[in-house]
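The numbering of the sequence shown is this note's numbering, which starts it at 6 and goes up by one.
All remarks here apply to the structure that follows.
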Amino acid sequence: MSWMFGIIRSESGINISDSYDKLHSCSLLTISTPKFYLALGGINETCFYEVQDEYKDTGWAIVGLGVKVFDSSARLMTKEDWKRVFANNTLPINSLDGHFVALRWEKDTFELYTDQLGIRTAYYGKCDEGICFSTRLDWMAKKTGFSEINQTALGGRWLLFNQLSYDSCVKGIERLGPASFVSIRNGTVTQHESRKWLPEFKNENNSKIKILLVSLIQAAINSDYTVSLGLSGGMDSRMLLAILLANAPDKFQVHTFGEEADPDVLISNRIARDFNLRCKYFNEPFPDTDEIISQAKSIIAQNLLAEPASSSIKLRYYSRDFLKNGFIIDGGFGEIARRQYLNRIVRLGSSALLRKDIKKLFTLMYVPRADIFADEYADQLKKAVLLDLESVLNDMPPVKEIGVENFVDLLAVRTRFPNWGGLEQARTDASVVSYMPMVQPSFLRAVFRTDIKERANGKTYKEIIRSKERRLKKYPLVKSGTTYPFGLPTLAAYGLVTIKNKISKTFIDTTIDRFLLQIKDYVIDLINTTEVINWKGYDKKKIKAIVDNYYNGDKRFKQSLDWWLTFELWRQSLSNRK
């Protein structure tokens with residue numbers, strides 16, 4: 006990720022060292038003074054800064070991407086734009102779209118800010134010299150010496166779709182959530198505030214959604230980069246493609262990756278051929294074992310259990326090596342505008358929401374990953390999740406006032422965006438310029454102002470496709486490894502996909518198996534290390550059974566093995582062990 010790392014010296018602190026470059030990556034800027042140390046890194050396109058005096062006591066920095074949205078237009082923010090923003094006494098963060106962490110310092114005072122939705126985040130905590138802060142939790146853990154896992158944060162990440170709170174995953178380290186501000190003076194935190202994102206709920210038509218989507222895509226087209234659309238067989242990327250074909254047919258390319266037999270790949274490549282699009286299709290051979298393990302460790306340290314270890318195979322493509330000079334846009338989280346999140350709660354848990362039946366809601370939000378923990382530790386995680394769920398629901402607007410559909414969509418924006426989607430966005434910021442048009446506050450405000458009927462069943466997106474490039478209707482959509490007709494309503498599509506998956510042979514992705522088989526020796530060595538054997542949270546018998554069963558040919562254990570490996574590599578990323 007485009008990143009920052011800093012230390013603010015307290016009066017009683019130890020002198021600032023200039024050797025922290027051994028902890029963090031290569032930097033674009035490094036400042037070391039008797040008062041503070043600051044390093045910024047990533048790529049120039051997502052890392053702006055200015056040091057405003059010869060003593061380096063005043064300056065500002067931004068990592069990420071800012072977007073200025075006007076009534077019917079939008080553009081990416083430049084360094085000059087950010088300079089004007091930082092000229093304000095109070096930063097107008099809540100008027101900006103994009104994803105970023107902003108830093109301003111003047112003499113003994115440092116201020117950190119996060120974007121409205123918390124897509125980018127930062128951490129701070131005490132260290133020997135004073136206060137340490139960074140956009141990387143693993144670096145914070147190594148510098149502060151804190152590595153004990155926060156069960157409240159872990160519980161949501163392990164047992165639910167995603168973490169619900171904005172707590173740090175490590176005890177002793179604090180995290181900035183959405184629209185957060187922290188002020189640090191002389192090595193002491195003097196203020197920490199945050200604002201929960203809350204849109205208006207109206208019953209308007211969908212015209213504003215359509216205008217903003219075009220504006221946000223036009224902002225990318227008008228940049229100095231080659232727009233590269235992540236094309237899949239889904240509705241969201243199809244809709245973005247329709248806008249690009251209508252507004253800038255010669256100014257973009259598409260990219261896709263995966264096995265050739267994957268329906269997502271088949272449909273995407275077919276569309277690219279039929280429309281004569283420039284297309285980059287990635288299906289590279291696996292790297293050697295050492296490189297696979299190295300890539301997995303790096304990605305897992307930054308993704309905080311958002312994706313299993315095997316996902317590092319596909320995530321490696323989101324790098325400058327593969328998409329040089331590209332500006333990536335994709336349909337991430339487009340489901341909000343077509344009413345697709347947490348439908349299990351809408352269908353089966355509306356009364357539970359009204360009653361605040363936490364146990365019932367937990368069962369509807371539960372996601373099995375791997376049964377690897379000792380019973381006592383697992384019970385503690387579940388208790389922490391139940392308390393966290395109750396707290397989060399109490400902070401939401403009343404269900405009766407905004408409706409169940411708006412309630413679950415807002416819950417997704419508040420919890421899934423910063424705790425799941427933002428992690429990969431932060432990682433890619435260090436390699437390529439990228440953003441998700443449907444993860445912008447201005448767009449989401451328009452969504453929540455739009456009548457539910459206009460959003461359900463992908464109505465708005467289908468209207469855009471029909472008006473911009475109706476030929477795209479003839480290609481089927483893809484879900485769960487199979488296809489279904491473009492015009493099918495959501496519930497009917499779900500039923501058809503379920504039936505097809507039961508009665509016919511669907512595509513089976515072999516990536517997980519190939520990944521796990523290639524690193525078999527590493528995994529078997531890993532379960533016998535003292536770090537694994539001595540960690541009290543594990544049930545070693547369960548883990549050994551998972552490993553033995555899988556490598557003895559029982560493929561039912563591949564998901565459990567994939568997730569245990571993910572957890573263990575993430576846990577190790579928090580320690581100082583080489």
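Ideal Cβ positions, reconstructed from N, Cα and C, are used throughout, including at glycine.
Whole angstroms is fine: what's the gap from residue 451's alpha carbon to residue 216's?
Per the coordinates, the alpha-carbon of residue 451 lies some 10 Å from the alpha-carbon of residue 216.
For residue 63, which residues from the same chain have a beta carbon less than 8 Å from its beta carbon, with the 5 sequence-adjacent residues on both sides left out?
Excluding sequence neighbours, residue 63 sits near 56, 57, 110, 111, 112.
My output table needs one value for residue 157: the three-state DSSP class, helix, strand or coil.
Here residue 157 sits in helix by DSSP.
Taking Cβ positions, are residue 548 and residue 532 nearer each other than 8 Å?
A contact, by the Cβ cut-off of 8 Å.
Under the assumption that residue 498 contacts residue 484 (Cβ atoms under 8 Å), give the Cβ distance between them as a whole number of angstroms.
Right, their Cβ atoms sit about 7 Å apart.
Three-way DSSP call (helix, strand, coil) for residue 59 in this model
If DSSP states are grouped into helix, strand and coil, residue 59 belongs with coil.
Check each candidate in 570, 562, 486 and name the one with the smallest Cα separation from residue 526.
With distances taken between CA atoms, residue 526 lies nearest to 570 out of 570, 562, 486.
Excluding the 5 residues preceding and the 5 following residue 88 in the sequence, name in chain order all residues of the same chain whose CB lies nearer than 7 Å to its CB.
Once the five neighbours on either side are set aside, the close Cβ partners of residue 88 are 55.
According to DSSP, is residue 370 helix, strand or coil?
For residue 370, the secondary structure class from DSSP, reduced to helix, strand or coil, is helix.
Would you tell me roughly how many angstroms separate the C-alpha atoms of residue 245 and residue 336, rounded to the nearest one?
Approximately 7 Å, taken between the alpha carbons.
Residue burial classification, residue 583 (beta-carbon count within 10 angstroms, cutoff 16)
Confidence at residue 583 is low in this model, with a pLDDT of 43, below 50, so its placement is unreliable and the value that follows should be read with caution. Classification for residue 583: exposed.
Please report the residue range of the beta strand (DSSP E) in which residue 528 lies.
Per DSSP, residue 528 belongs to no beta strand (DSSP E); it is in the alpha helix (DSSP H), 525 to 531.
Minimum length 3: unbroken beta strand (DSSP E) runs contained in the stretch 272 to 355
With a minimum length of 3 residues, the continuous beta strand (DSSP E) runs that stay inside the stretch 272 to 355 are 284 to 287, 331 to 334.
Nearest-angstrom beta carbon gap, residue 276 and residue 249 [assumed within contact, 8 Å]:
Going by Cβ atoms, the distance from residue 249 to residue 276 rounds to 12 Å, so no, they are not a contact pair.
So, for residue 291: in the same chain, excluding its five sequence neighbours on each side, which residues have a beta-carbon less than 8 Å away from its beta-carbon?
Beyond the five residues adjoining it in sequence on each side, residue 291 comes within less than 8 Å, by CB distance, of 297, 318, 519, 520, 523 in the same chain, given in chain order.
Among residues of its own chain, excluding the 5 on either side of residue 495, which ones have a beta-carbon nearer than 6 Å to its beta-carbon?
Counting only Cβ-Cβ distances below 6 Å, and skipping sequence neighbours, we find 462.
Contact between the stretch 304 to 314 and the stretch 501 to 514 is defined here as three or more beta-carbon pairs at a separation below 8 Å; is this criterion met?
They do not touch, by the three-pair rule.
Looking at C-beta atoms only, is the number of pairs between the stretch 225 to 232 and the stretch 202 to 214 that lie closer than 8 Å three or more?
By the C-beta criterion, the stretch 225 to 232 is judged not to be in contact with the stretch 202 to 214, since fewer than 3 inter-stretch pairs fall below 8 Å.
Straight-line Cα distance separating residue 224 from residue 135:
Each residue's Cα considered, the two are about 41 Å apart.
Is it buried or exposed for residue 278, if we count other Cβ within 10 angstroms and need 16 for buried?
So residue 278 counts as exposed.
Rank 534, 579, 427 by C-alpha distance to the C-alpha of residue 106 and give the top, closest one.
427 is the residue among 534, 579, 427 whose C-alpha sits nearest the C-alpha of residue 106.
Using alpha carbons as the reference points, say which of 8, 536, 364 lies closest to residue 45.
Among 8, 536, 364, the Cα nearest to that of residue 45 belongs to 8.
For residue 162, count neighbouring Cβ atoms within 10 angstroms of its own Cβ and tell me buried if that reaches 16, exposed if not.
Buried, by the Cβ-count rule.
At a cut of 8 Å, does the stretch 403 to 416 reach the stretch 367 to 376 through at least three beta carbon pairs?
Contact check between the stretch 403 to 416 and the stretch 367 to 376: fewer than three CB pairs, one atom from each, fall below 8 Å, which does not count as touching.
Have a look at residue 600 and residue 557 and give me their C-alpha separation to the nearest angstrom.
No answer is possible for residue 600: the residues shown for the chain start at 6 and end at 583.
Where residue 272 and residue 438 are concerned, what is the direct C-alpha to C-alpha distance, given to the nearest angstrom?
It is roughly 26 Å from the alpha-carbon of residue 272 to the alpha-carbon of residue 438.
Less than 8 Å between the beta carbons of residue 41 and residue 141, yes or no?
In this structure, residue 41 sits away from residue 141, with a CB-CB distance that is not shorter than 8 Å.
Beta-carbon separation of residue 312 and residue 288 under 8 Å?
Result no, Cβ atoms of residue 312 and residue 288 do not sit closer than 8 Å.
Would you list, in sequence order, the uninterrupted beta strand (DSSP E) runs of no fewer than 3 residues that lie entirely inside the stretch 220 to 254?
The DSSP assignment places 231 to 235 as complete runs of the beta strand (DSSP E) inside the stretch 220 to 254, in order along the chain (cut-off: 3 residues).
Could you tell me which residues DSSP puts in a beta bridge with residue 2?
In the structure as shown, the chain starts at 6 and stops at 583, and residue 2 therefore has no counterpart that could be examined.
Could you tell me if residue 332 is buried or exposed, where buried requires 16 or more neighbouring beta carbons within 10 angstroms of its beta carbon?
Residue 332 is buried by the Cβ-count criterion.
Nearest-angstrom Cα separation, counted from residue 252 out to residue 137:
In this structure, the straight-line span from the alpha carbon of residue 137 to that of residue 252 is close to 46 Å.
Alpha carbons only, please: which of 154, 260, 178, 126 is nearest the one belonging to residue 148?
With distances taken between Cα atoms, residue 148 lies closest to 178.
Could you tell me the distance, in whole angstroms, from the CA atom of residue 575 to the CA atom of residue 458?
Between residue 575 and residue 458, the C-alpha separation is close to 42 Å.
Return the CA-CA distance between residue 82 and residue 425, expressed in angstroms with no decimal places.
Each residue's Cα considered, the two are about 25 Å apart.
Going by beta-carbon coordinates alone, are residue 420 and residue 167 separated by less than 8 Å?
Residue 420 is a Cβ neighbour of residue 167, given a cutoff of 8 Å.
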